[in-house]
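For the protein sequence lines, the chains are A, B and C, in the order given.
All residue numbers for the first sequence refer to the working numbering, where the first residue is 478 and numbers rise by one.
All residue numbers for the second sequence refer to the working numbering, where the first residue is 319 and numbers rise by one.
All residue numbers for the third sequence refer to the working numbering, where the first residue is 167 and numbers rise by one.
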Amino acid sequence: MRLQIIPVRWNHRSERERPHVERRLLTAILIVVSVWPFPGRAPAVEPPQDEAAMGYNYYTGGGITVQGPAVIVRKQVLNRASVKAEYRVDSVSSASVDVVTQASPYKETRQEYSLGTDILSGDILMGLDYINSRESDYVSDTVAVGLAHDLFDKNVTVNFRVSRSWDQVGKNNDPSFGWKGFDRTTYATGISQSLTPRWLVQLNYEATADDGFINNPYRSAITTDGAFVPENYPDARTGHAWVVRTSYGFPSALLEGGLGELLGSVQLDYRYYQDTFDVTSNTGKINFQFHLVQDWLFGVFYQYYQQGAASFYGDRLPPDQLYKARDKELSQYQDQWVGLTFKFMPREARWGPITNPYLQVNTSIMISHYDNFTDPRNGDLYSQTAYVTHTSLGFHF
Amino acid sequence: MKWKGAISMVRSLTAVCILILVAVCAGCAPVRPWEREYLADETMQFDPDPLKAEWNNHVREVLEGARGGYNGSGGGCGCR
Amino acid sequence: MKKLTIVPLVFVFAMTAAGWAYAAAPGEKAPDFTGKTLGGKNIKLGELRGRVVLINFWGTWCAPCKEELPYFNSLYGKYKNVGLEILAVNVDKVRSQAVGMSGAMGLTFPVILDPAGDLSDLYRIRNMPTTFVVGKDGGIRYVHWGFGSANDPPRYESEIRGLLKE
């Protein structure tokens with residue numbers, strides 16, 4: 478039995494049909510996207526800059542270690558389009574609390590690649606992405622369409638994004654399990670507004686609708702009599718996230734009668750989330766970034782996350798309860814995440830076609846306390862400390 | 319549970335569309351195209367780094383019950 | 167559920183309708199101005215009648231601007247003796263940044279400072295960078311929005327050659 482790094486599963490029933498509202502809204506949005514009247518008034522402009530970056534990701538905490546490289550390349554093709562390719566490998570080594578108490582430690586590799594294209598027409602940027610990820614017991618295909626429209630001299634940007642995933646869930650060492658289907662649809666919309674030359678505000682809304690085999694095939698719930706029984710989740714879950722975030726820049730001391738160069742910024746964001754599992758959460762984050770000395774950027778952030786449990790979650794559950802979950806991701810808990818960034822970016826460097834090179838190191842620590850999830854090994858309320866790092870270098874060309 | 323979820327999502331999406339419509343119609347342009355010097359700075363952008371943002375979002379999504387809300391572009395140089 | 171389809175569509179059309187006036191456009195006379203260069207000299211556009219003038223608006227914070235300036239340098243070297251003038255209007259708030267970058271790039275044409283944005287306002291700039299190609303008669307003939315290293319150089323070449331022949 479294993480704790481999956483990718484959430485959610487599907488128990489497919491052929492007689493299940495999509496709700497009319499979701500299908501129609503998805504159709505409407507797709508029609509809008511395909512017949513969007515590209516405004517002829519705007520003159521020729523260029524799509525995003527060519528760039529390449531490679532990085533190394535690392536996470537360790539709660540008995541799980543995930544690490545691996547990632548690479549991305551973006552290149553302009555034809556007149557107004559750019560293509561992007563990305564590849565990432567996650568090597569997972571898991572001896573988490575669920576794994577060691579219900580199964581045995583395991584290692585696995587997950588590969589993900591994505592291809593995307595961005596087309597710019599006037600003040601509208603349309604993006605199309607395909608993402609595939611696979612590991613021995615989970616395959617996922619995702620298609621996403623996004624639109625960003627700049628209005629009012631680019632003071633306002635309106636975003637729309639729709640994505641659809643078709644996932645297949647399997648179970649290692651259990652051919653009788655077969656492959657179960659799981660779909661996810663996300664609808665996201667948002668608006669950005671520049672309030673002053675150094676103050677930006679953004680409001681986002683995103684809905685995530687899951688359908689199918691949502692629970693983990695490996696995890697068990699524990700009843701009040703101490704028995705291990707399979708988890709059972711509803712076969713649909715819809716969540717709503719509302720985010721407000723702001724970026725406020727502060728210039729250096731008054732120079733030459735003007736406002737001076739930008740020293741750095743403070744960013745604040747807040748998210749409220751709720752879903753049909755009755756999970757509600759609040760996330761607040763503050764992030765400071767400074768240009769320290771020539772060519773160096775320094776950042777520090779703090780995030781607080783608080784979540785209420787799903788209605789059918791329990792550390793110990795009545796045996797006759799229909800829906801049962803013991804995934805700590807659905808429990809009541811809080812986490813605090815603090816991190817630092819160091820980035821070296823010699824802005825004037827130019828080596829042949831290469832410009833704007835950078836090298837960065839991000840390191841952070843995340844401490845989680847669970848209010849109603851216990852460690853079966855000792856009966857104590859569970860908590861964990863995780864270390865998350867990301868290192869990368871990149872450039873434009 | 320599925321129907322209730324879908325309808326409430328559609329209602330929320332509709333409400334947001336209307337909100338955006340109102341905001342856009344009442345829209346203002348306080349920052350002229352040549353005044354975007356600060357907005358163009360990397361420290362003013364939300365997720366300028368795709369690899370780093372993806373990794374952090376992935377970690378969040380695995381550990382936290384909440385999903386989504388952090389896609390969105392805006393600000394920046396506005397240069398083409 | 168019809169209204170749920172209508173709302174996004176109405177929203178879409180409203181967004182498309184939201185627009186602004188264009189920048190100073192081909193066919194108009196290039197608004198006259200007097201600008202101060204980095205070197206402290208005054209340059210008046212009206213005194214450049216009889217020459218083909220490229221008026222470019224740029225900033226040190228603008229990536230495409232940093233690509234086009236070296237190209238303009240080579241263009242200037244090629245055509246300045248046969249009637250081309252380039253005026254690069256810098257919009258940075260801090261003078262030293264403009265000085266630093268133009269020095270590093272070795273720009274040979276005049277760089278005019280416009281920290282308050284008066285010139286940008288006069289020319290109704292809508293995008294950074296923007297370049298106006300002004301003919302010998304002082305009229306705006308072409309407007310370039312942005313800069314693409316693949317597409318723009320051939321366009322500039324043919325436009326300037328054509329105007330120099332007039």
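Note that the Cβ used here is the ideal one computed from N, Cα and C, for glycine as well.
None of the values given here were measured: they were computed from a predicted structure.
* Report the residues of the region 750-761 of chain A with a CB closer than 7 Å to any CB of chain B, ordered along the chain. => So the close ones are Tyr750, Thr753, Val756, Ser758, Thr760.
* **Neighbouring residues, chain C, relative to A:Asn556 (Cβ below 9 Å)** => Reading the first sequence from its first residue, position 79 is the one you call residue 556 of chain A. Residues of chain C passing the Cβ test: Gly314, Ala316, Asn317.
* Answer with yes or no whether the minimum CB distance from A:Phe629 to chain B is below 7 Å. => Residue mapping note: residue 629 of chain A aligns to position 152 of the first sequence, counting from 1. Closer than 7 Å to some Cβ of chain B, the Cβ of A:Phe629 qualifies, so yes.
* To do: Would you mind listing the beta strand (DSSP E) stretches within the region 750-790 of chain A that are 3+ residues and don't spill past its ends, in chain order?
  => DSSP runs (the beta strand (DSSP E)) wholly in the region 750-790 of chain A: 757-768, 773-784.
* To do: Taking C-beta pairs closer than 7 Å, name the residues in chain C that A:Gln526 reaches, listed in chain order.
  => Locating residue 526 of chain A in the first sequence gives position 49, counting from the first residue. Ala229, listed in chain order.
* If you check the beta carbons only, do A:Trp646 and A:Lys657 fall under 7 Å apart? -> In the first sequence, residue 646 of chain A corresponds to position 169, counting from 1. In the first sequence, residue 657 of chain A corresponds to position 180, counting from 1. The question names Trp, but residue 646 of chain A is Val in the sequence shown. Yes, they are a contact pair.
* Can you tell me whether B:Glu372 is buried or exposed, with buried defined as 16 or more other CB within 10 angstroms of its CB? -> As a first step, residue 372 of chain B is located in the second sequence; it is residue number 54 there, counting from the start. By the 10 Å Cβ count, B:Glu372 comes out buried.
* Asked: Is there at least one Cβ from chain C nearer than 7 Å to B:Pro351's Cβ?
  -> The residue given as residue 351 of chain B occupies position 33 in the second sequence. It does: the Cβ of B:Pro351 has a partner Cβ on chain C nearer than 7 Å.
* At which residues does the beta strand (DSSP E) containing A:Leu858 begin and terminate? -> Translated into positions along the first sequence, residue 858 of chain A becomes position 381. Where A:Leu858 is concerned, the enclosing beta strand (DSSP E) stretches over 858-873.
* **Member of A:Ala863, A:His867, A:Thr663 whose CA lies at the smallest distance from the CA of B:Val328** => Residue numbering aside, residue 328 of chain B sits at position 10 when the second sequence is read from its first letter. Residue A:Thr663 is the option with its Cα nearest to B:Val328.
* With 16 other Cβ atoms within 10 Å as the buried cut-off, status of A:Arg793 -> Here residue 793 of chain A refers to the residue found at position 316 of the first sequence. Under this definition A:Arg793 is an exposed residue.
* Asked: Can you tell which of A:Val865, A:Tyr847, A:Gly599, A:Ala863 has the C-alpha that lies nearest to the C-alpha of A:Asp857?
  -> The residue given as residue 857 of chain A occupies position 380 in the first sequence. The shortest C-alpha to C-alpha distance from A:Asp857 to any of A:Val865, A:Tyr847, A:Gly599, A:Ala863 is the one to A:Tyr847.
* To do: For the alpha helix (DSSP H) holding C:Met267, just list the boundary residues, first then last.
  => By 1-based counting over the third sequence, the position of residue 267 of chain C is 101. Segment 261-271, the alpha helix (DSSP H) holding C:Met267.
* To do: Report the rounded CA-to-CA distance for A:Tyr535 versus A:Tyr864, giving the unit in angstroms.
  => Position 58 of the first sequence holds residue 535 of chain A. Position 387 of the first sequence holds residue 864 of chain A. When rounded, the distance between both Cα atoms is 8 Å.
* **Distance between C:Phe223 and C:Ser286 (C-alpha atoms, nearest Å)** => Residue mapping note: residue 286 of chain C aligns to position 120 of the third sequence, counting from 1. Residue mapping note: residue 223 of chain C aligns to position 57 of the third sequence, counting from 1. In this structure, the alpha-carbon of C:Ser286 lies about 7 Å from that of C:Phe223.
* Using the C-alpha atoms, what's the distance from A:Ser570 back to A:Asp627? -> Indexing the first sequence from 1 puts residue 627 of chain A at position 150. Indexing the first sequence from 1 puts residue 570 of chain A at position 93. A straight line joining the alpha-carbon of A:Asp627 with that of A:Ser570 spans about 44 Å.
* Check each candidate in A:Ala621, A:Ser653, A:Pro652 and name the one with the smallest Cα separation from A:Ser642. => Counting from 1 along the first sequence, the entry for residue 642 of chain A is found at position 165. Nearest of A:Ala621, A:Ser653, A:Pro652 to A:Ser642, Cα basis: A:Ala621.
* Asked: Using a C-beta cutoff of 7 Å, does A:Ser671 count as contacting chain B?
  -> Residue numbering aside, residue 671 of chain A sits at position 194 when the first sequence is read from its first letter. It does: the Cβ of A:Ser671 has a partner Cβ on chain B nearer than 7 Å.
* Asked: In chain order, what residues of the region 378-398 of chain B put their CB closer than 8 Å to some CB of chain C?
  -> If the cut-off is 8 Å between Cβ atoms, the region 378-398 of chain B has Cys395, Gly396, Cys397, Arg398 near chain C.
* To do: Check whether the Cβ atoms of B:Gln363 and B:Gly387 lie closer than 7 Å to each other.
  => Working through the second sequence from its first residue, we reach residue 363 of chain B at position 45. Working through the second sequence from its first residue, we reach residue 387 of chain B at position 69. No; because the gap between Cβ atoms is not below 7 Å, this pair is not in contact.
* **Contiguous beta strand (DSSP E) assignments of at least 3 residues, all confined to the region 533-611 of chain A** => For the region 533-611 of chain A, whole beta strand (DSSP E) runs of length 3 or above, ordered along the chain, are 541-554, 558-571, 583-598.
* **Segment contact flag, the region 208-220 of chain C with the region 241-260 of chain C, C-beta cutoff 8 Å, min 3 pairs** => Counting Cβ pairs under 8 Å, three or more are found: they touch.
* Taking 7 Å as the cut-off, decide whether the C-beta atoms of A:Ala718 and A:Val756 are in contact. => As a working mapping, residue 718 of chain A is identified with position 241 in the first sequence. As a working mapping, residue 756 of chain A is identified with position 279 in the first sequence. No, they are not a contact pair.
* Asked: So, does the CB of C:Val260 fall closer than 7 Å to a CB anywhere in chain A?
  -> Locating residue 260 of chain C in the third sequence gives position 94, counting from the first residue. Contact with chain A is found for C:Val260, since one of that chain's Cβ atoms lies less than 7 Å from the residue's Cβ.
* Asked: What residues in its chain sit with their C-beta under 8 Å from that of C:Asn208, if we drop five residues either side in the sequence?
  -> Looking up residue 208 of chain C in the third sequence gives position 42. Correct list, in chain order: Thr200, Gly201, Lys202.
* Asked: Looking at C-alpha atoms only, which residue of A:Thr578, A:Leu555, A:Arg587 is the closest neighbour of A:Gln544?
  -> Counted from its first residue, the first sequence places residue 544 of chain A at position 67. Nearest neighbour of A:Gln544 by Cα position, chosen from A:Thr578, A:Leu555, A:Arg587, turns out to be A:Arg587.
* Short-range partners of chain B found in the region 248-279 of chain C, where Cβ spacing is below 7 Å -> Taking 7 Å as the Cβ-Cβ cut-off, the region 248-279 of chain C approaches chain B at Val257, Asp258, Lys259, given in chain order.
* To do: Quick one: using the 10 Å Cβ neighbour count with 16 as the cut-off for buried, is A:Glu563 buried or exposed?
  => In the first sequence, residue 563 of chain A corresponds to position 86, counting from 1. A residue is called buried when at least 16 other Cβ atoms come within 10 angstroms of its Cβ; A:Glu563 meets this threshold and is buried.
* Proximity of A:Leu420 and A:Val770 at Cβ, strictly below 7 Å -> Any property of residue 420 of chain A remains undetermined from this structure, which presents chain A solely from 478 to 874.
* Asked: Does the beta-carbon distance from A:Pro582 to A:Ser559 come in below 7 Å?
  -> Position 105 of the first sequence, counted from the start, is the residue given in the question as residue 582 of chain A. Position 82 of the first sequence, counted from the start, is the residue given in the question as residue 559 of chain A. With a cutoff of 7 Å on beta-carbon distance, A:Pro582 and A:Ser559 are scored as not near each other.
* **7 Å CB neighbourhood of B:Met319 in its chain, flanking five on each side removed** => On the second sequence, residue 319 of chain B is found 1 positions in, with the first residue counted as 1. Here B:Met319 scores only 47 on pLDDT, less than 50, and its place in the model should not be relied on; the value that follows carries that caveat. Cβ within range, chain order: n/a, list empty.
* In the DSSP assignment, what are the bridge partners of A:Met843? -> By 1-based counting over the first sequence, the position of residue 843 of chain A is 366. In the DSSP secondary-structure assignment, A:Met843 is bridged to A:Trp814, A:Ala863.
* **Same chain, Cβ closer than 7 Å to B:Asn374, five either side skipped, listed in chain order** => Position 56 of the second sequence, counted from the start, is the residue given in the question as residue 374 of chain B. Same-chain partners within the cutoff: there are none.
* Asked: Would B:Glu360 count as contacting chain C if we go by Cβ distances under 7 Å?
  -> For this step, residue 360 of chain B is matched to residue 42 along the second sequence. At a cut-off of 7 Å between beta-carbon atoms, B:Glu360 makes no contact with chain C.
* Find the residues of chain B that neighbour C:Arg292, judging by a C-beta separation of less than 8 Å, and give them in chain order. => As a working note, residue 292 of chain C is residue 126 in the third sequence. By Cβ distance, chain B contributes Pro351.
* Asked: Can we say the region 798-805 of chain A touches the region 700-712 of chain A, given the rule of at least three CB pairs closer than 8 Å?
  -> Cβ pair count under 8 Å is three or more, so yes.
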